[in-house]
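Presented below is the structure to which this report refers.
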Amino acid sequence: MLPWFDNDKFPLFLAPMAGVTDVTFRTICKELGADVMVTEFVSAEGIVRRDDRTRKYTEFHEGQRPVGVQLFGADGERMGEAAKKIIDWKQPDFIDINFGCPVSKVVSKNGGSSLLKDCPLLASVASGVAKAVGDQVPVTAKIRVGWDEKTINAPEVCQTLVDCGMQQIAIHGRTRSQGYRGEANWNIIDECARTVDVPIIGNGDINSGEDVEKRKNNTAVSGLMIGRAAMQNPWIFREAKHYLETGEHLPPITIEERWKLIIRHCTLATHSDRYGGEEKHTIMAMRSRLMAYCKGFSGAKALRQKLCQVVSVTELEDIAAAHLSGKYDNVIAE
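Heads up, the sequence shown is in full-length UniProt numbering, so the first residue is 1 and it goes up one at a time.
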């Protein structure tokens, strides 16, 4: 049994999301109640070649444990080599294999969810990593329910992965062809959780404490993974835990608290080297994150126009102050 399931714990995972779940965002989500973290996915080939641009994706702080580093690739032996290097560098709590990414540039290289169409290759990759490092750290995997609606094969894939030494499997309830459209198929996730002998982590359409309670009570999953909902609302981890414990909702997060966290996130990001260390480049890279945070804010259209041009924390603080003062629309019009 993996330690994050000890004493009947039902852990909440922060899903790995490229360009989102960097060290800074993981720090914030950990503070707000996320139990287990997974890094952004990283190319096994980049790790083997000691590419510094790739290596930065494996970074994490001790306070984020338990944390896993997620790899993608299509060569089991090279994946195993990459996993060994990561363990030498960082000693993560587990190595996770990405069999679920739907992004075309990953799929075109026979990585991510493309392996759901080639179970022998998927088994080779999983076995390669497990044989290389399975005696040092747990090896886990993340999949989707299938490639498309005609080839939903998650139950078979899960059994294959267990046979190859995977000790935990996270399942996103959509097919690759769905991307992030439509509804997650929790019936398939539940079927997998009831038929394999390792913990299954459910992922997809977890947006509130009620969603967490529903999936915990109505499926056999051992934990839940939260992704896109956390981008806009990292407080979801705190809210979900409170709801599970009390059956009550926490008061809504105030606009002041939201802006405080937004500014803190950007400030922390400028102090990291994730985006090269220069404030302007960091804030420019954060613009898409700012759009997610500010979804639903008053004056959203004008606010987006302003945020898509922001280049410093000071400028962001001025935008926040204007928005909170109720004078935001007038400031934009000047």
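Beta carbons are placed, not taken as given, at the ideal position from N, Cα and C, and that holds for glycine.
(message) For residue 81 and residue 296, I'd like the C-alpha separation in whole angstroms.
(response) What you label residue 81 is simply residue 81 of the sequence shown in a count that begins at 1. What you label residue 296 is simply residue 296 of the sequence shown in a count that begins at 1. Using only the alpha carbons, I get a separation of about 45 Å.
(request) Using three-state DSSP, classify residue 274 as helix, strand or coil. (result) The count along the sequence shown starts at 1 and reaches residue 274 at position 274. In this structure, residue 274 counts as coil in the three-state DSSP scheme.
(request) Count the other CB atoms, across all protein chains shown, that sit within 10 Å of the CB of residue 334; report buried if there are 16 or more and exposed otherwise. (result) Translated into positions along the sequence shown, residue 334 becomes position 334. In this prediction, residue 334 has a pLDDT of 37, which is less than 50 and means its spatial position is unreliable; what the coordinates show is noted afterwards. Exposed, by the Cβ-count rule.
(request) Please specify which runs of the alpha helix (DSSP H), each continuous and at least 4 residues long, are wholly inside the stretch 116–197, giving them in chain order. (result) 119–133, 154–163 and 186–195
(message) Could you tell me which whole alpha helix (DSSP H) segments of length 4 or greater appear in the stretch 254–332?
(response) Runs found: 255–270, 279–285, 287–293, 300–307 and 313–325.
(request) On the DSSP bridge assignment, give the partners of residue 8 in chain order. (result) The residue labelled residue 8 in the question sits at position 8 within the sequence shown. Answer is none; residue 8 lacks a bridge partner.
(request) Look up residue 114 in the DSSP assignment and say whether it is helix, strand or coil. (result) Locating residue 114 in the sequence shown gives position 114, where the first residue counts as 1. In the displayed model, residue 114 falls within a helix according to three-state DSSP.
(message) 8 Å is my cut-off, CB to CB: does residue 227 come that close to chain B?
(response) Among the chains of the structure shown, chain B does not appear; only one protein chain is present.
(request) Would you kindly report the start and end of the unbroken beta strand (DSSP E) that includes residue 67? (result) Here the question's residue 67 lines up with position 67 in the sequence shown. Per DSSP, residue 67 belongs to the beta strand (DSSP E) from 67–72.
(message) Contact defined as beta carbons within less than 8 Å: I believe residue 121 pairs with residue 157. What is the distance between those atoms, to the nearest angstrom?
(response) The count along the sequence shown starts at 1 and reaches residue 121 at position 121. The count along the sequence shown starts at 1 and reaches residue 157 at position 157. Between residue 157 and residue 121 the Cβ distance is about 12 Å, and since that is not below 8 Å, they are no contact.
(message) I'd like the span of the beta strand (DSSP E) that includes residue 36, first residue to last.
(response) On the sequence shown, position 36 is the one that residue 36 refers to. In this chain, the beta strand (DSSP E) harbouring residue 36 covers 36–38.
(message) Do residue 239 and residue 209 count as a contact pair if the criterion is CB distance below 8 Å?
(response) The residue you call residue 209 lines up with position 209 of the sequence shown. The residue you call residue 239 lines up with position 239 of the sequence shown. Yes, they are a contact pair.
(message) Just list the residues that DSSP pairs residue 203 with in beta bridges.
(response) Against the sequence shown, residue 203 aligns to sequence position 203. DSSP output for residue 203 lists 172 and 225 as bridge partner(s).
(message) Is it buried or exposed, residue 286, if we count other Cβ atoms within 10 angstroms and call 16 or more buried?
(response) Here residue 286 is taken as the residue at index 286 of the sequence shown, counted from 1. Buried.
(request) Just tell me which of 251, 25, 52 and 79 has its CA closest to the CA of residue 111. (result) What you label residue 111 is simply residue 111 of the sequence shown in a count that begins at 1. That would be 79, whose Cα lies nearest to the Cα of residue 111.
(message) So, with DSSP's three-state summary, where would you put residue 19?
(response) Locating residue 19 in the sequence shown gives position 19, counting from the first residue. Residue state, collapsed to three classes: coil.
(message) What residue range does the beta strand (DSSP E) around residue 96 cover?
(response) Taking the sequence shown and counting its residues from 1, one reaches residue 96 at position 96. First-last of the beta strand (DSSP E) with residue 96: 94–99.
(message) Quick check on residue 31: buried or exposed, where buried means 16 or more other Cβ atoms within 10 Å of its Cβ?
(response) In the sequence shown, counting from the first residue as 1, residue 31 sits at position 31. Classification of residue 31: exposed, given that the 10 Å Cβ count is below 16.
(request) Just confirm the distance between the C-beta atoms of residue 137 and residue 88, as a whole number of angstroms; I'd bet it's less than 8 Å. (result) As a working mapping, residue 137 is identified with position 137 in the sequence shown. As a working mapping, residue 88 is identified with position 88 in the sequence shown. Their Cβ separation, rounded to whole angstroms, is 12 Å, which puts residue 137 and residue 88 out of contact at 8 Å.
(message) For the alpha helix (DSSP H) containing residue 1, name the first residue and the last one.
(response) Residue 1 sits at position 1 when you count from the first residue of the sequence shown. Looking at the DSSP string, residue 1 is not in any alpha helix (DSSP H), and its letter there is neither H nor E.
(message) At the level of alpha carbons, what is the spacing between residue 140 and residue 96?
(response) For the purposes of this step, residue 140 is taken as residue 140 along the sequence shown, with counting starting at 1. For the purposes of this step, residue 96 is taken as residue 96 along the sequence shown, with counting starting at 1. Rounded to whole angstroms, residue 140 to residue 96 spans 5 Å at the Cα level.
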